[in-house]
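**Student:** One structure, as structure tokens, below. Some questions next.
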Amino acid sequence: MSELWFYHLTRSRLEQVLPMLIERALAQGWRVALRAPDAQSVARMDDLLWAAHPPERFLPHGVEGGADAELQPILIGTGDLRANRPDYLVAIGGATITPEDCAGLTRAVLVFDGRDEASVTHARTHWRSFAEAGLRLQYWSQASGAWKMEREHPQPSTKD
Numbered sequence: 001m002s003e004l005w006f007y008h009l010t011r012s013r014l015e016q017v018l019p020m021l022i023e024r025a026l027a028q029g030w031r032v033a034l035r036a037p038d039a040q041s042v043a044r045m046d047d048l049l050w051a052a053h054p055p056e057r058f059l060p061h062g063v064e065g066g067a068d069a070e071l072q073p074i075l076i077g078t079g080d081l082r083a084n085r086p087d088y089l090v091a092i093g094g095a096t097i098t099p100e101d102c103a104g105l106t107r108a109v110l111v112f113d114g115r116d117e118a119s120v121t122h123a124r125t126h127w128r129s130f131a132e133a134g135l136r137l138q139y140w141s142q143a144s145g146a147w148k149m150e151r152e153h154p155q156p157s158t159k160d
């Protein structure tokens, strides 16, 4: 069953957190789809993944509609990013994820900026929608400095 994790940015910027999330997914052997809300954000993320790392930590990727999209370990775009058969979908900047998007994924991630009320509202709407759809959800916050899972749905059962 797919799961959706929410990453609430309060201390770090997306440009700092996104490469870490993608590196962890690749370390699991997962293929990644990165969904952005618009073409400008796609270009910005493309630039980030090219420039954010030293050569030995390069994050190989392509852009939706580009050559050999199906071969890319990381595919960036705005739409249906199934061309590279992802295991892991990351949505940023208000991009939407649907329960249908999660079919066949190991995990989806919604990264949202806690300093932007529209982004927080967007994440809350997704939480409610996915809870109703029965997906496993986790809410991660960095309010205390380090990333910590603050909430989970459904709540894990406690055995006495």
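Residue 142 in the numbering used here is what sits at position 142 of the sequence shown, and the numbering runs on without skipping anything. The beta carbon of each residue, even a glycine, is placed where N, CA and C say it ideally should be.
(1) Going by DSSP, what residue range makes up the beta strand (DSSP E) through H8?
(2) Where does A143 fall in DSSP's three states?
(3) Taking the DSSP output, what are the residues bridged to Q72?
(4) Given that a residue counts as buried once 16 or more other Cβ atoms are within 10 Å of its Cβ, and exposed if not, what is R128?
(5) Quick check on A35: does DSSP put it in helix, strand or coil?
(6) In this structure, how does DSSP classify A95 when only helix, strand and coil are distinguished?
(7) Using alpha carbons as the reference points, say which of Y88, E117, C102, D47 lies closest to F58.
(8) Kindly list the residues whose CB is nearer than 6 Å to the CB of E152, restricted to its own chain and excluding five residues on each side of it in sequence; keep chain order.
(9) Are there 16 or more other CB atoms within 10 angstroms of the CB of W5, so buried, or fewer, so exposed?
(10) By Cβ distance, which residues of its chain are closer than 6 Å to H126, with the 5 residues on each side in sequence left out?
(11) In angstroms with no decimal places, state the Cα-to-Cα distance between M45 and I76.
**Tutor:** On the basis of the coordinates in this document:
(1) 3-9
(2) In the structure shown, A143 sits in coil (DSSP, three-state: anything other than H, G, I, E or B).
(3) In the DSSP output, where bridge partners are listed per residue, Q72 has none listed.
(4) exposed
(5) With the sequence shown as reference, residue 35 is identified as Arg, and Ala is not the correct amino acid for it. R35 falls in the strand class under three-state DSSP.
(6) In this structure, DSSP gives A95 a state outside helix and strand, which the three-state scheme calls coil.
(7) D47
(8) Q138
(9) buried
(10) L110
(11) If you take the alpha carbons of M45 and I76, they lie about 8 Å apart.
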